[in-house]
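Undergrad: For reference, the structure I am asking about is given below.
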Amino acid sequence: MKTSQSAILTRRAALAAGAGLGAFALMPTARATPETMAAAVKTFTGGKPIADGRVKLEISLLVENGNSVPLSVTVDSPMTRQDHVKRIGIFNEKNPLPEVLTFHLTPRSGRAQVASRMRLNDTQFITAIAEMSDGSFWSGKAEVIVTMPACVEE
Amino acid sequence: MTRALINIPQKAKRGEVIEIKTMLSHPMETGFRPSSDGRLVPRDIIEKFVCTYNGEVVFSADLYPAVSANPFLSFNMVAEQSGTIVFAWTDNHGKTQVQTAAIQVE
Amino acid sequence: MGWLALALSLLSVWPAQAQTPQDPRKSGFAYMGRDTQAMQQDDLANPAMLTVLEGEALWTTPTGKAGKSCASCHGEARESMKGVAARYPSLDEASGKPIDLSGRIAQCRETRMEAAPLVREGRDMLALSAFVGLQSRGMPVAPPQDERLRPFREEGARLYTARMGQLNFTCAQCHDANAGQKLGAAPIPQAHPNAYPIYRLEWQSTGSLQRRLRNCMVGTRAEPFSYGSAEFIALELFLMERAKGMTIETPGVRP
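Rendered as structure tokens:
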């Protein structure tokens, strides 16, 4: 009795998943973790310390589809020859790879503000790290909750 | 052929910071996605974007598979003199697509 | 039968002209998040505009044995194609059957341009239909009131309310009875055809209404109708009538 009961529940659960929540993203062969992200960040900074602040990462807390998530980064910097942002790296902890994008800025950028769209495999924290012309590193982060579309591609 | 949407003001005042938006038609195939036969679809992504203004690089970006299909990039630039802005996207096979825009600085 | 009767009676009361504030119909746009809405509203941020760009180039490219381009006969699309997508599917006089916009583009290419047929859901077909569709943006959906279309539209209404697939769902159960509710975390829209072709974030590409309908059918575990089938054209006829007067948004963005 017990066996058939659980079989029914299982089938129901499978149907519910199929109808309501769609197919889950296929598990990639590799996957970033907080550890591999830390390693990627270390490569980016050369192991230098990272301070909190000056970097504002804007990304919606709740996104409808992880395939195209708008993000923008603004860094508090005068963007002069003497004092400007050189690089902004975007990192994640749950996609197949920890790196997302690196922006290279110059004093001729005028304003340290950039935007793009990224893929998010799952709900996670995204980190933006800026390298300043004086060699210091600053960071900001944001949490993103990814909901799945109800009806996925066939 | 390069299919890209570029948003850049045609005219600007000297010293003005202008915003540039670019979007290239490209699948950004990650290399992590299996096709219907179970094999991985080979990676085909834009890896490098470079924006030069009268021959000088003013902005560039390194892209990884996590950048969305039809890669969208927005950044800023100081308008210094009239001239040509060149946008170049290079994929992981070394192929480069280029688009140019003119700007008039007063 | 009850569903069918309801669907058909609704047809008659929907306004012929643009939507009033009291109109309970809402475009799928209304159910989207702000980021996705912003993507559609800015032509330089909307990835479907890349498809439109391709269509614009194809419009003036001569091809086929006749050595003609679309523009050779139709001229400036901004003028000649204005409002065209708003009234498709329409009646094909030659066959006496309804034809959708992709079908008309394919027919035009084969008979007038003597060019190789364009594949449905192929890049060029989507590009041309998105470019033609854009010329009706902002205009009300205006299905032709040709009596000869009536039986096909009724067939569309029947399909809309017919149970399908292993889950035994009808289109109406989700998109009429439960529109605005949530399926998983996603809102269920009213299933209006007023923004196609769309760039769907889920697809990461541009696709047609029929691709979207196929997705829905797969979701209900039904065997999807094929592209260009009489069933899909009937459904599209019904959906356009149901959306009569709503504003065309082509090319839309949807999650």
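Protein chains in written order, with my numbering: chain A, 6 to 159; chain B, 11 to 116; chain C, 3 to 257.
Quick reminder that beta carbons are idealized off the backbone N, C-alpha and C, glycines included.
All values reported here derive from a predicted model rather than from experimental measurement.
Just to make sure I have the definition right: I need the residues of chain D whose C-beta is within less than 7 Å of the C-beta of A:ALA56. Which are they?
TA: Included in the structure are the protein chains A, B and C, with no chain D among them.
Undergrad: Answer with yes or no whether the minimum CB distance from B:VAL88 to chain A is below 9 Å.
TA: Reading the second sequence from its first residue, position 78 is the one you call residue 88 of chain B. Yes, contact with chain A.
Undergrad: Please classify A:LEU20 as buried or exposed, where buried requires at least 16 other C-beta atoms within 10 Å of its C-beta.
TA: Counted from its first residue, the first sequence places residue 20 of chain A at position 15. Low confidence applies to A:LEU20: its pLDDT is 39, below 50, so where it sits in the model is not reliable, and the reading given next is rough at best. So A:LEU20 ends up on the exposed side.
Undergrad: Check distances from the C-beta atoms of the region 76-87 of chain B to those of chain A and list, in chain order, the residues that come in under 9 Å.
TA: ALA76, VAL77, SER78, ALA79, ASN80, PRO81, PHE82, LEU83, SER84, PHE85, ASN86, MET87
Undergrad: How many angstroms separate the CA atom of A:ALA37 from the CA atom of A:GLN129?
TA: Counting from one through the first sequence, the residue named residue 37 of chain A turns up at place 32. Counting from one through the first sequence, the residue named residue 129 of chain A turns up at place 124. Cα to Cα, A:ALA37 sits roughly 11 Å from A:GLN129.
Undergrad: Is the Cβ-Cβ distance between C:ILE107 and C:VAL134 less than 9 Å?
TA: In the third sequence, residue 107 of chain C corresponds to position 105, counting from 1. In the third sequence, residue 134 of chain C corresponds to position 132, counting from 1. A contact, by the Cβ cut-off of 9 Å.
Undergrad: Rounded to whole angstroms, what's the CA-CA distance from B:LEU50 to B:PHE42? Just pull it up for me.
TA: For the purposes of this step, residue 50 of chain B is taken as the residue at position 40 of the second sequence. For the purposes of this step, residue 42 of chain B is taken as the residue at position 32 of the second sequence. The alpha-carbon atoms of B:LEU50 and B:PHE42 are separated by roughly 6 Å.
Undergrad: Identify every residue that forms a DSSP beta bridge with A:VAL60.
TA: Taking the first sequence and counting its residues from 1, one reaches residue 60 of chain A at position 55. Paired residues: A:VAL80.
Undergrad: Under 8 Å: does the beta carbon of C:ILE200 sit that close to some heavy atom of the ligand SAM?
TA: This structure simply doesn't include the ligand SAM, nor any ligand for that matter.
Undergrad: Name the two residues that bound the continuous alpha helix (DSSP H) containing A:HIS109.
TA: Position 104 of the first sequence holds residue 109 of chain A. Where A:HIS109 is concerned, there is no enclosing alpha helix (DSSP H), although the beta strand (DSSP E) around it starts and stops at 104-110.
Undergrad: Anyone know if the C-beta pair for C:ASP148 and C:SER82 falls short of 9 Å?
TA: Here residue 148 of chain C is taken as the residue at index 146 of the third sequence, counted from 1. Here residue 82 of chain C is taken as the residue at index 80 of the third sequence, counted from 1. Going by C-beta atoms, C:ASP148 is not nearer than 9 Å to C:SER82.
Undergrad: In its own chain, which residues sit with a C-beta less than 6 Å from the C-beta of C:LEU1, not counting the 5 before and 5 after it?
TA: An answer regarding residue 1 of chain C cannot be provided, because it is not within the stretch 3 to 257 covered by chain C.
Undergrad: Use the C-beta contact count for B:LYS21: other C-beta atoms within 10 angstroms, 16 or more gives buried, fewer gives exposed.
TA: Your numbering for residue 21 of chain B matches position 11 in the second sequence. That one is exposed.
Undergrad: Along the chain, where does the alpha helix (DSSP H) that runs through C:ASP44 open and close?
TA: Here the question's residue 44 of chain C lines up with position 42 in the third sequence. Note, C:ASP44: premise wrong, no alpha helix (DSSP H); not H, not E.
Undergrad: Pick from C:GLY254, C:GLU156, C:GLY85, C:MET51: whose alpha carbon is nearest that of C:ILE235?
TA: What you label residue 235 of chain C is simply residue 233 of the third sequence in a count that begins at 1. Nearest to C:ILE235 by C-alpha distance, out of C:GLY254, C:GLU156, C:GLY85, C:MET51, is C:GLU156.
Undergrad: Can you tell me which of the three DSSP states C:GLN109 falls into?
TA: Taking the third sequence and counting its residues from 1, one reaches residue 109 of chain C at position 107. C:GLN109 falls in the helix class under three-state DSSP.
Undergrad: Using a Cβ cut-off of 9 Å (strictly closer), state whether A:HIS109 contacts chain B.
TA: The residue given as residue 109 of chain A occupies position 104 in the first sequence. For A:HIS109, the answer is yes, since a Cβ of chain B falls inside 9 Å of its Cβ.
Undergrad: Taking contact to mean at least 3 C-beta pairs separated by less than 8 Å, is the region 223-237 of chain C in contact with the region 94-104 of chain C?
TA: Under the 8 Å Cβ criterion, the region 223-237 of chain C counts as touching the region 94-104 of chain C, having at least three qualifying pairs.
Undergrad: Identify which residue in B:PHE59, B:THR100, B:THR106, B:HIS103 has its Cα closest to the Cα of B:PHE85.
TA: For the purposes of this step, residue 85 of chain B is taken as residue 75 along the second sequence, with counting starting at 1. Checking every option, the nearest Cα to that of B:PHE85 belongs to B:PHE59.
Undergrad: Run the CB neighbour count on A:VAL80, radius 10 Å, all protein chains shown included, and call it buried at 16 or more, exposed below.
TA: Residue numbering aside, residue 80 of chain A sits at position 75 when the first sequence is read from its first letter. Burial call: buried.
Undergrad: A:GLY145 to A:ARG122, Cα distance in whole Å?
TA: What you label residue 145 of chain A is simply residue 140 of the first sequence in a count that begins at 1. What you label residue 122 of chain A is simply residue 117 of the first sequence in a count that begins at 1. So the two alpha carbons sit approximately 17 Å from each other.
Undergrad: Look up C:PRO145 in the DSSP assignment and say whether it is helix, strand or coil.
TA: Within the third sequence, numbered from 1, the residue matching residue 145 of chain C stands at position 143. Reduced to three states, the DSSP call for C:PRO145 is coil.
Undergrad: Is the separation between the beta-carbon of A:GLN118 and that of B:GLU39 shorter than 9 Å?
TA: Here residue 118 of chain A refers to the residue found at position 113 of the first sequence. Here residue 39 of chain B refers to the residue found at position 29 of the second sequence. B:GLU39 is positioned such that its CB atom lies no closer than 9 Å to that of A:GLN118.
Undergrad: How about C:LEU130 and B:SER35: do their beta carbons lie closer than 9 Å?
TA: The residue given as residue 130 of chain C occupies position 128 in the third sequence. The residue given as residue 35 of chain B occupies position 25 in the second sequence. In this structure, B:SER35 does not lie closer than 9 Å to C:LEU130 by Cβ.
Undergrad: Measure the C-alpha to C-alpha separation of C:LEU239 and B:PRO52 and round it to an integer number of angstroms.
TA: Reading the third sequence from its first residue, position 237 is the one you call residue 239 of chain C. Reading the second sequence from its first residue, position 42 is the one you call residue 52 of chain B. Using only the alpha carbons, I get a separation of about 40 Å.
Undergrad: Which complete alpha helix (DSSP H) runs does the region 50-97 of chain C hold, if anything under 4 residues is left out?
TA: 50-61, 72-76, 79-82
Undergrad: For the region 42-76 of chain A, enumerate the residues whose C-beta is nearer than 8 Å to any C-beta of chain C, in chain order.
TA: SER65, LEU67, VAL68, GLU69, ASN70, ASN72, SER73, VAL74, PRO75
Undergrad: What is the rounded straight-line gap between the Cα of B:ILE113 and the Cα of B:ALA71?
TA: For the purposes of this step, residue 113 of chain B is taken as the residue at position 103 of the second sequence. For the purposes of this step, residue 71 of chain B is taken as the residue at position 61 of the second sequence. Whole-angstrom Cα-Cα distance: 22 Å.
Undergrad: Are the C-beta of A:THR79 and some C-beta of chain C separated by less than 9 Å?
TA: Within the first sequence, numbered from 1, the residue matching residue 79 of chain A stands at position 74. It does not: the Cβ of A:THR79 has no partner Cβ on chain C nearer than 9 Å.
Undergrad: For chain B, find out if any of its Cβ atoms is closer than 9 Å to the Cβ of C:GLU56; answer yes or no.
TA: The count along the third sequence starts at 1 and reaches residue 56 of chain C at position 54. C:GLU56 has a beta carbon lying within less than 9 Å of a beta carbon in chain B.
Undergrad: Indicate whether B:GLU116 and B:LYS31 have their beta-carbon atoms separated by less than 9 Å.
TA: Residue numbering aside, residue 116 of chain B sits at position 106 when the second sequence is read from its first letter. Residue numbering aside, residue 31 of chain B sits at position 21 when the second sequence is read from its first letter. In this structure, B:LYS31 does not lie closer than 9 Å to B:GLU116 by Cβ.
Undergrad: Compare the C-beta of A:MET153 against all C-beta atoms of chain C and say whether one is closer than 9 Å.
TA: As a position in the first sequence, residue 153 of chain A is number 148, starting the count at 1. It does: the Cβ of A:MET153 has a partner Cβ on chain C nearer than 9 Å.
Undergrad: Tell me whether C:ASN180 is buried or exposed, calling it buried when 16 or more other Cβ atoms sit within 10 Å of its Cβ.
TA: For the purposes of this step, residue 180 of chain C is identified with residue 178 of the third sequence, where counting begins at 1. When all chains shown are included, C:ASN180 counts as exposed.
Undergrad: Closer than 8 Å, Cβ to Cβ, to anything on chain B: give me those residues from the region 105-127 of chain C, in chain order.
TA: none
Undergrad: Tell me whether B:VAL67 is buried or exposed, calling it buried when 16 or more other Cβ atoms sit within 10 Å of its Cβ.
TA: Counted from its first residue, the second sequence places residue 67 of chain B at position 57. So B:VAL67 counts as exposed.
Undergrad: If we ignore side chains and look at the alpha-carbon of each, how far apart do C:MET141 and C:ALA87 end up?
TA: As a working mapping, residue 141 of chain C is identified with position 139 in the third sequence. As a working mapping, residue 87 of chain C is identified with position 85 in the third sequence. If you take the alpha carbons of C:MET141 and C:ALA87, they lie about 10 Å apart.
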